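Read the structure below first, then the notes.
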Amino acid sequence: MKSLQLSLKCILLPFLNDVLEIFKAYKPYIEIVEDASDIFFIETYENSSSYGYKLIFKTYNDIFNLKKSTDILDDKRKFKKKLKTTIYNILKNETKIELPYGSLTGVRPTIVAKRASDLNNINFYLTTEYGVSSHRAKLLEEIIINQKNIYELNQKNICLYINIPFCPSRCSYCSFLSNEISKVRQFIDIYVDILEKQIDEFLEIYVKNKLILKSIYIGGGTPSCIDLNLIEKIISKISGFNCEFTFEAGRAETIKTELLDLLEKNNVNRISINPQTFSKETLLKINRNTSIEQIYEAFNLAKKYNFSINSDLIIGLNYERENEIFNSIKELVKISPDNITIHSLSIKKGSTIANKGQEKAIIGLGDFMIDCYNYLKLNNYFPYYLYRQKNTLDNLENIGFSKKGKECIYNVLNMEDICSIYAIGAGAISKFVNLENNSIERKSYPKDIKQFLKLFDKI
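Just add 2 to the spot in the sequence shown (first one is 1) and you have this note's numbering.
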């Protein structure tokens, strides 16, 4: 595939990141170089009364001005939409490539979709205003409908997220630098002690503010790879709540009877078993030391309990093609977990595959994945949440499917930005949502274990 080469000249005060996001989304269809014969000129400005831009590229010459109103946030949103959509249309015409989400580059397209004045015509709004493909627009429309029974606006609602960022081995797509358990084992006891204190702090806030705990989510990493007595120290402190309680067991080889007994005893009601693929070759290539037999054994064991089970697949690992991908989806449907989550491979900084020079996989699976989604729907799995990441396979999405009534509350409340998330542990990001003024405040902890421990004078 030959890239369109161009030089980018920007005179930008506001909205620089928004401009760059569109160009990044078009990699590798376009290549920005210093001395290309074609120069894409962009100038944006903001003054006391208006926003404006000027775009020049080949025969394109566009000037736009938006007068400011009393609603500053809405003004910025309108201006960004116009700017990004104009750039997108130019690049689309030049490359003859339409991106599945058009000019939308944000991670939560369902939030944009809900801005449609007529929620019964979201498809038309997304395709005409943002250039979203009809397949993806329909998908977003379905998801919004399927979320209705979970979507709840209540300032008192809160979720608790606990991060246990340790794994038996580091998969090639993972960006964590310090989570292989063999390299940080000496810190794990101290780490769990800190989590216990952070849980106590949360419980004080919960009681003092008379909050409503909607969901507890213990993720990672692979939380199930630490010792059982440490897992019990964490979950026993929060086992008395009557809410959705997820433990992301993840790796099949870590799932044993003793673990599941402990989770059941402490009122965990949802777990994740994540094959990522059913290809032996791919599992070896990505350094995921799990056998296909262990995956089936983990599911057979977990089904003896009353857990709701989620399972993740990652599309694009080891450049898997249609047959391998569809085989993994069919195998999961046969196993019949309650949730199936399909992730598009995201090339993250610090991961092994990124360090080898891979930036983004473009292998033309957009339409094929719609066929896969339709296959899941035929088998009574329905899409209920969706988000996107940067540098993803074919600019696609991460999407959760669920059997009716088995949707994950945490995923919806978190991804739709309608509930505060109190997050603890290394790499965890708390999100405090103010529904009255539609604002979000975030607080994050360092990803690196040693840096996290330093915050608490434990190293």
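Just so you know, even glycine gets a beta-carbon here, dropped at the ideal spot from N, CA and C.
These numbers were taken from a predicted model, which means no experiment stands behind them.
Three-state secondary structure assigned by DSSP to residue i
i	result
Q296	helix
K30	Sequence check: residue 30 is Pro here, not Lys. Coil at P30, not helix or strand.
G368	helix
A356	Reliability of the predicted coordinates at A356 is poor, the pLDDT of 47 falling under 50, and the value obtained from them is presented with this limitation in mind. Helix.
K60	coil
N400	strand
T107	coil
R323	coil
T72	coil
S51	coil
R272	strand
S39	coil
S5	coil
T224	coil
D20	helix
E438	coil
E154	coil
N329	helix
E100	coil
Status (buried if at least 16 other CB within 10 Å, exposed otherwise) for residue i
i	result
K82	buried
C176	buried
F280	buried
S226	buried
Q188	exposed
I65	exposed
D20	buried
K86	buried
N357	For N357, the predicted model reports a pLDDT of 47, less than 50, meaning its position is unreliable; a value from the coordinates is still stated below. With fewer than 16 other Cβ atoms within 10 Å, it is exposed.
T46	buried
N276	buried
R323	exposed
E409	buried
P30	exposed
S71	exposed
C12	exposed
Residue j beta carbon less than 8 angstroms from that of residue i
i	j	result
L14	I34	no
L398	G368	yes
G427	N413	no
K165	G223	Per the sequence shown, the amino acid found at residue 165 is Asn instead of Lys. Going by C-beta atoms, N165 is nearer than 8 angstroms to G223.
E250	N271	no
P385	Y377	no
F204	V186	no
K116	C421	no
N63	S52	no
I24	Y127	no
K158	K210	no
S346	T284	no
N123	S136	no
I228	L264	no
Y484	I451	Residue 484 lies beyond the residue range present for the chain, which begins at 3 and ends at 461; the question has no answer from this structure.
D340	N308	no
N-terminal and C-terminal residue of the beta strand (DSSP E) that residue i is part of
i	result
I411	Segment I411 to M417 is the alpha helix (DSSP H) holding I411; no beta strand (DSSP E) there.
A425	S422 to I426
Y383	No beta strand (DSSP E) holds Y383; DSSP gives it neither H nor E.
E250	E246 to G252
T343	N341 to S346
Beta-ladder partner(s) of residue i, from DSSP
i	result
R444	K433
L14	T46
C169	E182
Y163	Y219 and A425
L230	Partner(s): none; L230 has no beta bridge.
Y127	According to DSSP, Y127 bridges with nothing at all.
F66	Y55
I214	N159
T88	In DSSP, T88 forms no bridge with anything.
Q278	L315
T394	S348
C-beta neighbour in chain D for residue i, strict 8 angstroms
i	result
D202	Protein chains in the displayed structure number just one, and chain D is not present.
First through last residue of the alpha helix (DSSP H) which encompasses residue i
i	result
R138	S136 to N148
L315	Where L315 is concerned, there is no enclosing alpha helix (DSSP H), although the beta strand (DSSP E) it sits in stretches over S310 to I317.
I240	No alpha helix (DSSP H) contains I240, which DSSP labels as neither H nor E.
E260	T259 to K267
I451	I451 to L457
Residue i: CB within 7 angstroms of a non-hydrogen atom of the ligand ATP
i	result
N19	Among the ligands in the structure shown, none appear at all, so the ligand ATP cannot be discussed.
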